[in-house]
Amino acid sequence: MVRFDFISTPLPGLTLVQRKPIVDERGFLARFWCADEFSVVGWTRPIAQINHTLTRRRGAVRGMHFQHPPHAEIKLVSCLRGEIFDVAIDLRKGSPTFLNWHGAALSAANQRSLLIPEGFAHGFQALTDDCELLYLHSAPYTPAAEGALNPTDPRLAIAWPLAIGELSDRDRNHSMLGGNYEGIAQ
186 MVRFDFISTP LPGLTLVQRK PIVDERGFLA RFWCADEFSV VGWTRPIAQI NHTLTRRRGA
246 VRGMHFQHPP HAEIKLVSCL RGEIFDVAID LRKGSPTFLN WHGAALSAAN QRSLLIPEGF
306 AHGFQALTDD CELLYLHSAP YTPAAEGALN PTDPRLAIAW PLAIGELSDR DRNHSMLGGN
366 YEGIAQ
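At the far end of the sequence shown sits residue 371, using the numbering used here, and the numbering has no gaps.
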(Lines of atoms letter the chains of each structure in order from A and count residues from 1; the text may use other names and numbers.)
(Lines give C-alpha, C1' and ligand atoms only; values in the text may rest on other atoms or scores of the structure.)
Protein backbone atom coordinates (compact mmCIF):
# COMPACT_ATOMS: atom_id res chain seq x y z
CA MET A 1 0.00 0.00 0.00
CA VAL A 2 1.36 3.40 -1.02
CA ARG A 3 1.68 5.77 1.95
CA PHE A 4 2.66 8.95 0.08
CA ASP A 5 1.39 11.10 -2.73
CA PHE A 6 4.23 12.88 -4.56
CA ILE A 7 3.03 16.21 -5.96
CA SER A 8 5.11 18.04 -8.57
CA THR A 9 5.81 21.75 -8.16
CA PRO A 10 6.67 24.33 -10.84
CA LEU A 11 10.38 23.69 -10.08
CA PRO A 12 11.52 20.36 -11.59
CA GLY A 13 12.72 17.97 -8.90
CA LEU A 14 11.14 19.90 -6.02
CA THR A 15 8.33 17.69 -4.73
CA LEU A 16 5.57 18.17 -2.19
CA VAL A 17 5.04 14.95 -0.23
CA GLN A 18 1.62 14.18 1.20
CA ARG A 19 1.69 11.55 3.93
CA LYS A 20 -1.36 9.27 4.05
CA PRO A 21 -1.96 8.36 7.70
CA ILE A 22 -3.98 5.42 8.91
CA VAL A 23 -6.49 6.91 11.34
CA ASP A 24 -8.66 5.31 14.00
CA GLU A 25 -10.17 6.25 17.37
CA ARG A 26 -6.72 6.05 19.04
CA GLY A 27 -5.09 8.56 16.69
CA PHE A 28 -2.99 7.86 13.60
CA LEU A 29 0.06 6.11 12.20
CA ALA A 30 1.85 7.79 9.31
CA ARG A 31 4.83 6.40 7.47
CA PHE A 32 7.48 9.09 7.42
CA TRP A 33 10.02 7.51 5.12
CA CYS A 34 10.27 4.53 2.78
CA ALA A 35 13.38 4.11 0.63
CA ASP A 36 11.46 2.16 -2.02
CA GLU A 37 8.76 4.80 -2.38
CA PHE A 38 11.13 7.79 -2.27
CA SER A 39 13.39 6.25 -4.92
CA VAL A 40 10.72 7.02 -7.55
CA VAL A 41 11.24 10.75 -6.92
CA GLY A 42 15.03 10.59 -6.99
CA TRP A 43 16.13 9.87 -3.40
CA THR A 44 18.32 6.82 -3.85
CA ARG A 45 20.99 7.61 -1.26
CA PRO A 46 20.87 6.56 2.40
CA ILE A 47 19.78 9.02 5.08
CA ALA A 48 23.03 10.44 6.47
CA GLN A 49 21.72 12.88 9.09
CA ILE A 50 18.45 13.78 10.85
CA ASN A 51 17.97 17.20 12.49
CA HIS A 52 15.19 18.44 14.76
CA THR A 53 14.63 22.19 15.21
CA LEU A 54 12.40 24.45 17.28
CA THR A 55 11.55 28.00 16.21
CA ARG A 56 9.88 29.78 19.09
CA ARG A 57 8.30 32.85 17.53
CA ARG A 58 5.81 33.44 14.74
CA GLY A 59 7.35 35.51 11.93
CA ALA A 60 10.92 34.23 12.42
CA VAL A 61 12.78 33.27 9.24
CA ARG A 62 15.58 30.72 8.94
CA GLY A 63 17.51 30.32 5.70
CA MET A 64 18.31 30.26 2.82
CA HIS A 65 20.91 27.47 3.24
CA PHE A 66 22.54 24.88 0.96
CA GLN A 67 25.74 22.87 0.57
CA HIS A 68 28.06 23.05 -2.43
CA PRO A 69 29.00 19.89 -4.36
CA PRO A 70 30.36 17.36 -3.73
CA HIS A 71 28.58 17.73 -0.37
CA ALA A 72 25.24 18.76 -1.89
CA GLU A 73 22.28 17.17 -0.16
CA ILE A 74 18.71 16.11 -0.67
CA LYS A 75 16.44 17.23 2.20
CA LEU A 76 13.04 16.12 3.36
CA VAL A 77 11.58 18.86 5.56
CA SER A 78 8.53 18.20 7.75
CA CYS A 79 6.72 20.29 10.35
CA LEU A 80 5.82 18.26 13.44
CA ARG A 81 4.25 21.08 15.47
CA GLY A 82 2.84 24.41 14.34
CA GLU A 83 2.87 25.67 10.75
CA ILE A 84 5.57 27.06 8.48
CA PHE A 85 5.91 28.57 5.03
CA ASP A 86 8.69 26.44 3.55
CA VAL A 87 10.70 27.84 0.62
CA ALA A 88 13.15 26.31 -1.84
CA ILE A 89 15.11 28.22 -4.50
CA ASP A 90 16.54 26.62 -7.64
CA LEU A 91 20.29 27.39 -7.76
CA ARG A 92 21.18 24.86 -10.48
CA LYS A 93 23.40 26.49 -13.08
CA GLY A 94 21.65 26.48 -16.45
CA SER A 95 18.27 25.40 -15.06
CA PRO A 96 15.26 26.93 -16.84
CA THR A 97 13.89 27.78 -13.38
CA PHE A 98 17.19 29.24 -12.06
CA LEU A 99 16.59 31.58 -9.07
CA ASN A 100 12.86 30.82 -9.04
CA TRP A 101 11.42 29.93 -5.66
CA HIS A 102 8.48 27.88 -4.53
CA GLY A 103 6.81 28.02 -1.13
CA ALA A 104 4.40 25.63 0.56
CA ALA A 105 2.61 25.55 3.90
CA LEU A 106 3.77 22.60 6.00
CA SER A 107 2.10 21.76 9.28
CA ALA A 108 1.43 19.00 11.73
CA ALA A 109 -2.22 19.15 10.61
CA ASN A 110 -1.70 18.87 6.83
CA GLN A 111 0.86 16.01 7.07
CA ARG A 112 2.95 17.46 4.22
CA SER A 113 6.70 17.54 3.66
CA LEU A 114 8.88 19.20 1.05
CA LEU A 115 11.44 17.06 -0.77
CA ILE A 116 14.26 19.40 -1.80
CA PRO A 117 16.77 18.10 -4.35
CA GLU A 118 20.46 18.91 -4.62
CA GLY A 119 21.12 22.36 -6.04
CA PHE A 120 18.40 24.15 -4.07
CA ALA A 121 18.60 26.60 -1.17
CA HIS A 122 16.11 26.11 1.65
CA GLY A 123 14.54 28.24 4.35
CA PHE A 124 11.24 28.82 6.10
CA GLN A 125 9.11 31.27 8.07
CA ALA A 126 7.26 30.22 11.24
CA LEU A 127 3.55 30.99 10.85
CA THR A 128 2.81 30.01 14.45
CA ASP A 129 4.76 30.05 17.70
CA ASP A 130 6.76 26.96 18.70
CA CYS A 131 7.28 25.30 15.32
CA GLU A 132 9.16 22.01 15.40
CA LEU A 133 10.71 20.64 12.23
CA LEU A 134 12.35 17.36 11.34
CA TYR A 135 14.90 17.29 8.51
CA LEU A 136 16.18 14.15 6.81
CA HIS A 137 19.45 14.73 4.90
CA SER A 138 21.23 12.60 2.31
CA ALA A 139 24.63 14.03 3.32
CA PRO A 140 26.09 15.12 6.64
CA TYR A 141 26.58 18.81 7.32
CA THR A 142 29.99 19.95 6.06
CA PRO A 143 30.89 23.46 7.30
CA ALA A 144 33.42 24.07 4.50
CA ALA A 145 30.72 23.33 1.88
CA GLU A 146 28.08 25.60 3.39
CA GLY A 147 26.45 28.25 1.26
CA ALA A 148 23.60 30.66 1.87
CA LEU A 149 21.54 33.40 0.28
CA ASN A 150 20.07 36.39 2.07
CA PRO A 151 16.35 35.70 2.63
CA THR A 152 15.58 39.40 2.12
CA ASP A 153 17.45 39.69 -1.21
CA PRO A 154 15.28 41.76 -3.59
CA ARG A 155 16.56 39.74 -6.54
CA LEU A 156 14.95 36.63 -5.03
CA ALA A 157 11.75 38.55 -4.11
CA ILE A 158 10.48 35.88 -1.73
CA ALA A 159 6.92 36.76 -0.71
CA TRP A 160 7.13 35.90 2.99
CA PRO A 161 3.54 35.69 4.29
CA LEU A 162 4.32 37.68 7.46
CA ALA A 163 6.61 40.58 8.25
CA ILE A 164 9.96 39.07 9.24
CA GLY A 165 9.94 39.15 13.02
CA GLU A 166 13.34 37.59 13.67
CA LEU A 167 16.34 36.79 11.54
CA SER A 168 19.66 35.62 12.93
CA ASP A 169 22.66 37.91 12.46
CA ARG A 170 24.24 35.14 10.42
CA ASP A 171 21.29 34.95 7.98
CA ARG A 172 20.86 38.75 7.90
CA ASN A 173 24.53 39.20 6.97
CA HIS A 174 24.59 36.86 3.98
CA SER A 175 25.42 38.99 0.96
CA MET A 176 22.92 39.90 -1.71
CA LEU A 177 23.24 38.27 -5.12
CA GLY A 178 25.12 40.21 -7.72
CA GLY A 179 24.10 40.28 -11.34
CA ASN A 180 26.83 37.81 -12.23
CA TYR A 181 25.71 34.95 -9.95
CA GLU A 182 25.66 31.80 -12.11
CA GLY A 183 24.49 29.19 -9.61
CA ILE A 184 25.74 25.77 -8.60
CA ALA A 185 27.23 23.40 -11.15
CA GLN A 186 25.69 19.95 -10.90
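A virtual CB, placed ideally from N, CA and C, is assigned to each residue, including glycine. Here the structure is a predicted model, which is why all the values come from computation and not from measurement.
Expected contact under 8 angstroms - CB spacing of residue i and residue j to nearest Å
i: residue 311; j: residue 343; result: Contact doesn't hold; Cβ gap of about 15 angstroms is too wide.
i: residue 289; j: residue 300; result: That belief does not hold up - the Cβ atoms of residue 289 and residue 300 are roughly 11 angstroms apart, past 8 angstroms.
i: residue 330; j: residue 306; result: Actually they do not touch by this definition, with Cβ atoms about 13 angstroms apart.
i: residue 248; j: residue 354; result: Not really, about 14 angstroms apart at Cβ, beyond 8 angstroms.
i: residue 291; j: residue 271; result: 5 angstroms
CA nearest to the CA of residue i, picked from the options
i: residue 335; options: 358, 326, 316 and 318; result: 358
i: residue 189; options: 212, 222, 351 and 214; result: 222
i: residue 360; options: 226, 340 and 347; result: 340
i: residue 350; options: 244, 232 and 191; result: 244
i: residue 232; options: 260, 191 and 194; result: 260
Residues of its chain near residue i, where Cβ-Cβ distance is below 7 angstroms and the 5 sequence neighbours each way are ignored
i: residue 140; result: The chain is shown only over 186 to 371; residue 140 falls outside these bounds and no answer can be derived.
i: residue 266; result: 293, 315, 316 and 317
Residues that DSSP places opposite residue i in a beta bridge
i: residue 274; result: 286 and 306
i: residue 238; result: 318
Close beta carbons around residue i, own chain, < 6 angstroms, minus the five adjacent residues each side
i: residue 237; result: 319
i: residue 352; result: 246
Residue i at chain D interface by Cβ criterion, 8 angstroms
i: residue 254; result: Absent here is chain D; the protein component of the structure consists of one chain.
Other residues of its chain near residue i: CB distance less than 8 angstroms, five sequence neighbours each side excluded
i: residue 214; result: 206 and 207
* Kindly confirm or deny that the segment 277-287 and the segment 214-230 touch, where touching means at least three C-beta pairs closer than 8 angstroms. => Counting C-beta pairs closer than 8 angstroms gives fewer than three between the segment 277-287 and the segment 214-230, which falls short of the contact rule.
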